[in-house]
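S.K.:
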Amino acid sequence: MSELTRAIQETAQKLLQNKEVELVVGFAEGSLPLRNTPCFVRQPEEAQRLVWGYGCENNLANYLRQRPEKVAVVAKGCDSRSIVELIKENQIDRNKLVVIGVPCRGMIDRKKVTRLLAGKELLEAEIRDGQVVLKGKEFSESVPLEQLLHDTCLTCQHPNPVLFDIMMGEPVPVKEADSFVDVANFEVKAPAEKRAYLIQELSRCIRCYACRQACPMCFCEECFVDCSMPQWLSKSSLNVQDNVFFQAVRALHLAGRCVDCGACDRACPMGIDLRTLTRKMVKDVQELFGYTAGVSLDQKPPLAAPINTTSPATFNQDGR
Amino acid sequence: MLLNKGQLTDWLNQLMQAYQVFAPIKEGDYFCFKQINSGDQATLNYTNSKVPPKEVLFPRSEKLFCYRCENDGVQLTEQIDESKKIIVGLRPCDAKSFLLLDGVFKSDKYHDPYYLTRRNNTVLVGLGCNQPASTCFCTSLGGGPFATEGLDLLLVDIGDRYVVEVLTDRGRELLAGMELPAADQEAKETARRVKEGAALSTQVNLEGLKSKLDVIFYDPIWDLIHEKCLGCAACTYTCPTCHCFDIVDEAEGNEGCRIRNWDACMFPLFTLHGSGHNPRPTGKERFRQRVMHKFKYFVDNFNAIACVGCGRCIINCPVNLDIREVLAEIQGSEVRSDKQ
Chain R
3 MSELTRAIQE TAQKLLQNKE VELVVGFAEG SLPLRNTPCF VRQPEEAQRL
53 VWGYGCENNL ANYLRQRPEK VAVVAKGCDS RSIVELIKEN QIDRNKLVVI
103 GVPCRGMIDR KKVTRLLAGK ELLEAEIRDG QVVLKGKEFS ESVPLEQLLH
153 DTCLTCQHPN PVLFDIMMGE PVPVKEADSF VDVANFEVKA PAEKRAYLIQ
203 ELSRCIRCYA CRQACPMCFC EECFVDCSMP QWLSKSSLNV QDNVFFQAVR
253 ALHLAGRCVD CGACDRACPM GIDLRTLTRK MVKDVQELFG YTAGVSLDQK
303 PPLAAPINTT SPATFNQDGR
Chain H
63 MLLNKGQLTD WLNQLMQAYQ VFAPIKEGDY FCFKQINSGD QATLNYTNSK
113 VPPKEVLFPR SEKLFCYRCE NDGVQLTEQI DESKKIIVGL RPCDAKSFLL
163 LDGVFKSDKY HDPYYLTRRN NTVLVGLGCN QPASTCFCTS LGGGPFATEG
213 LDLLLVDIGD RYVVEVLTDR GRELLAGMEL PAADQEAKET ARRVKEGAAL
263 STQVNLEGLK SKLDVIFYDP IWDLIHEKCL GCAACTYTCP TCHCFDIVDE
313 AEGNEGCRIR NWDACMFPLF TLHGSGHNPR PTGKERFRQR VMHKFKYFVD
363 NFNAIACVGC GRCIINCPVN LDIREVLAEI QGSEVRSDKQ
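First to last, the protein sequences are chains R and H. Residues 3 to 322 in my numbering are what the first sequence lists, from first letter to last. Residues 63 to 402 in my numbering are what the second sequence lists, from first letter to last.
#1: Mark Pro341 (chain H) as exposed unless 16 or more other C-beta atoms lie within 10 angstroms of its C-beta, in which case mark it buried.
#2: Which of the three DSSP states is assigned to Ala265 (chain R) in this structure?
#3: Mapping the DSSP letters down to three states, classify Arg322 (chain H) as helix, strand or coil.
#4: Going along the region 82-110 of chain R in order, which residues come within less than 7 Å of chain H, judged by CB to CB distance?
#5: Report yes if the C-beta distance between Ile142 (chain H) and Thr184 (chain H) is below 8 Å; otherwise report no.
#6: Using the beta-carbon count (16 or more within 10 Å), is Gln45 (chain R) buried or exposed?
#7: Counting only the same chain and skipping the five closest in sequence on each side, list residues whose C-beta sits under 7 Å from that of Pro146 (chain R).
#8: Just the C-alpha distance for Arg252 (chain R) and Gly394 (chain H), rounded to the nearest angstrom, thanks.
#9: Indicate the three-state DSSP secondary structure (helix, strand or coil) for Phe95 (chain H) in the structure shown.
#10: Tell me Ile148 (chain H)'s beta-bridge partners as DSSP assigns them.
#11: What does DSSP give as the partner residues of Glu312 (chain H) in its beta bridges?
#12: Please tell me whether Ala250 (chain R) and Leu305 (chain R) are closer than 8 Å, where the distance is taken between their beta carbons.
#13: According to DSSP, is Asp219 (chain H) part of a helix, a strand, or is it coil?
#14: List, in chain order, every chain H residue whose beta-carbon is nearer than 8 Å to that of Gln50 (chain R).
#15: So, under 8 Å CB-CB, Arg348 (chain H) and Met328 (chain H) are touching, yes? Tell me the CB distance rounded to an integer number of Å.
#16: Run through the DSSP bridge pairs and tell me what Gly135 (chain H) is partnered with.
#17: What did DSSP end up calling Pro40 (chain R) once you bin it into helix, strand or coil?
#18: Could you confirm whether any beta carbon from chain R is found closer than 8 Å to the beta carbon of Arg122 (chain H)?
#19: Check the C-beta distance from Ser84 (chain R) over to Asn323 (chain H) and give it rounded, since I have them as a contact under 8 Å.
#20: What number of angstroms, rounded off, separates the C-alpha of Val185 (chain R) from the C-alpha of Ala265 (chain R)?
#21: Just to confirm, are Glu140 (chain R) and Thr109 (chain H) a CB contact at a threshold of 8 Å?
#22: Please confirm whether Thr298 (chain H) and Ala326 (chain H) have their CB atoms less than 8 Å apart.
#23: Less than 7 Å between C-beta atoms, sequence neighbours within five positions excluded: which residues of the same chain meet that for Ala295 (chain H)?
#24: On the three-state DSSP scale, how would you describe Arg153 (chain H)?
#25: Given a cut-off of 8 Å, decide if Ala260 (chain H) and Pro207 (chain H) are closer than it, judged by their beta-carbon atoms.
#26: What are the partner residues of Arg122 (chain H), as DSSP defines its beta bridges?
#27: Measure the C-alpha to C-alpha separation of Glu12 (chain R) and Val164 (chain R) and round it to an integer number of angstroms.
#28: If you measure between the beta carbons of Thr179 (chain H) and Glu144 (chain H), is that distance less than 8 Å?
#29: Starting from Lys168 (chain H), follow its DSSP beta bridges and name the residues at the other end.
#30: Give the C-beta separation of Lys262 (chain H) and Phe199 (chain H) to the nearest angstrom, bearing in mind that I take them to be a contact with Cβ-Cβ under 8 Å.
#31: Going by DSSP in three states, Tyr56 (chain R) sits in which element: helix, strand or coil?
#32: In this structure, does DSSP put Gly321 (chain R) in helix, strand or coil?
#33: When you compare the region 372-383 of chain H with the region 17-37 of chain R, are there three or more beta-carbon pairs, one atom per stretch, that lie closer than 8 Å?
#34: Run through chain H and tell me which residues come within less than 9 Å of Phe42 (chain R), C-beta to C-beta.
#35: Between the region 277-304 of chain R and chain H, which residues of the former have a C-beta closer than 9 Å to a C-beta of the latter?
#36: Step through the CB atoms of chain R and report whether any lies within less than 8 Å of the CB of Asp90 (chain H).
Here it is in structure tokens:
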């Protein structure tokens, strides 16, 4: 990890020094144990702030839309896949982006750590030889790293960036094909059971929209939940059905675009399982269209409207 | 007085006969304040709740009144919640937040009957913090792990018993019929040691912060400090002192209700005018507003900082934008004149 950190710092410094980019978006040390935090570097000497670690869980593609300046971004596999989709959706200008690819060994899920420590507070953590040493007041526990990784990382098929200009370090081995066991388990449930599960999970939703804001692909200028004319769903949280409706539309809107980076799930302060819905979409799109979001710049998104731009007569004036 | 932990369930069951009792209960991996219908649901072995108990007095969504349009006019029914409530096991920082919210909902110009009726009918039983979290910084804001301000009773956990500090007559009434023994010398001594041991690891320097904020509205610091903020409301919705709201009518056919919902300065919609103009068009202005409201405007209006140092915004921020670091950065910034 320290080698990757050094490589990222040197690359960022060079890019800024040579004025190849005006900004580098990466990660810095966070203020909490096992946490890194998005970091924006504009001066070569500030590149020292950049780090790489098991807490670089945020999807940095979120910060790249409609940037006026030339930007370099530190991208792990999932970030790079979001970048691919955003380029296809004209949200990122490829010519103004330098992708510093970083092979990813997975990120640590702090919720799993919290669950494991069952009330004890984590004050310090150390990672060595595949073990995470968790330390707090009067305790120290060693846990295999694999046990603490995010579920998204455990099924990830693209730990190595799919799109990059400069690659840091050696590629990491890719795991066996994703079997979507979790989604299959959800699929076999009776409709009433599925409904009950979603209602139970989403009854905790406080409508803070952290899921929406953390998602690189949620960039509508006006989100349907904010629209008041017409009002698609109630603004109040009195009715849990509306929380379900919000997430159902969000998941459907992300079908064929979601790279299963887990950013929504990680952002939710209430620990709601949002991934079951988004993963169901990922699986359906793979099965129905043979499409995996974000793996290729050339492959057309399956759910993009098949508009023939050379024959405007396809639509009449009313847009029908 | 002394309350055996084994007596807690019975006491809560007894209180439930006359009050709605709200207590921390475990929900998934977190604790939340919910109305309990049996004393054994309460779990007082927690560090801090995910969402503060402010939602008991200021719900996420509440009906203000309902209406029905009829041939000869409109029928209105006001929805004021007059039930008697107790919040058990809230932390001293959360109790302090109610004192701050009081200023907002009870001013010279306006008394908010919805909040104030609940407030007046709610008794607060606090629980001191034997082990404050590393993200807690209440002492920097004039509070403390065993501060009693705003509470009616304070429970001090001394192992198998609580030392109950009676702070108001309303608090004393809750113990009627319990015939609790007075705290003996040993219990008092243990309580003293527990209090001394509850040291906070974080201090935030607030000295001179207000006078800095008074003059840095146009400072370039805001261009950078907000950059990683996603613009979600995880911080404000889990903050015990944030109190902004939006009011909407939800109607179907001839009838509906006027509903007050939590809103957040972090959303672009919060300040969007009907004209389409938005005076806080980007994350920069919105983030500045959040900091300014807590540490400057609230001080101007109520002579108090609208932060109690509970640390929830630090724990819940999806990008680890830590308010302690933000304040430190502001403190270190060069003071400029308030001119563009």
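From the three backbone atoms N, C-alpha and C, an ideal C-beta is built for every residue, glycine too. The structure presented is a predicted model; accordingly, all values stated were derived computationally and were not measured.
M.R.: In this structure, then:
#1: Result: exposed.
#2: It is helical.
#3: strand
#4: Correct list: empty, as no residue qualifies.
#5: no
#6: exposed
#7: Gly132 and Gln133
#8: 41 Å
#9: strand
#10: BP columns for Ile148 (chain H) point to H:Val83 and H:Val185.
#11: H:Cys319
#12: no
#13: strand
#14: Neighbours of Gln50 (chain R) on chain H: none; closest Cβ ~17 Å, over 8 Å.
#15: 5 Å
#16: H:Glu132
#17: Of the three classes helix, strand and coil, the one that applies to Pro40 (chain R) here is strand, per DSSP.
#18: yes
#19: Wrong, their Cβ atoms sit about 31 Å apart, outside the cutoff.
#20: 18 Å
#21: no
#22: yes
#23: Cβ neighbours of Ala295 (chain H) beyond the five flanking positions: Ala326, Met328 and Phe329.
#24: In this structure, Arg153 (chain H) counts as coil in the three-state DSSP scheme.
#25: In this structure, Ala260 (chain H) lies closer than 8 Å to Pro207 (chain H) by Cβ.
#26: Under DSSP, Arg122 (chain H) shares a beta bridge with no residue.
#27: 22 Å
#28: yes
#29: Lys168 (chain H) is bridged by DSSP to H:His173.
#30: The question names Lys, but residue 262 (chain H) is Leu in the sequence shown. Contact flag correct, Cβ pair sits at about 7 Å.
#31: coil
#32: The pLDDT assigned to Gly321 (chain R) is 42, lower than 50, so where the model puts this residue is not dependable; a value taken from the coordinates is nonetheless given after this. If DSSP states are grouped into helix, strand and coil, Gly321 (chain R) belongs with coil.
#33: yes
#34: Neighbours of Phe42 (chain R) on chain H, chain order: Leu286, Glu289 and Lys290.
#35: Residues passing the 9 Å Cβ filter: none.
#36: Inspection of the sequence shows that residue 90 (chain H) is occupied by Gly rather than by Asp. Interface residue, yes.
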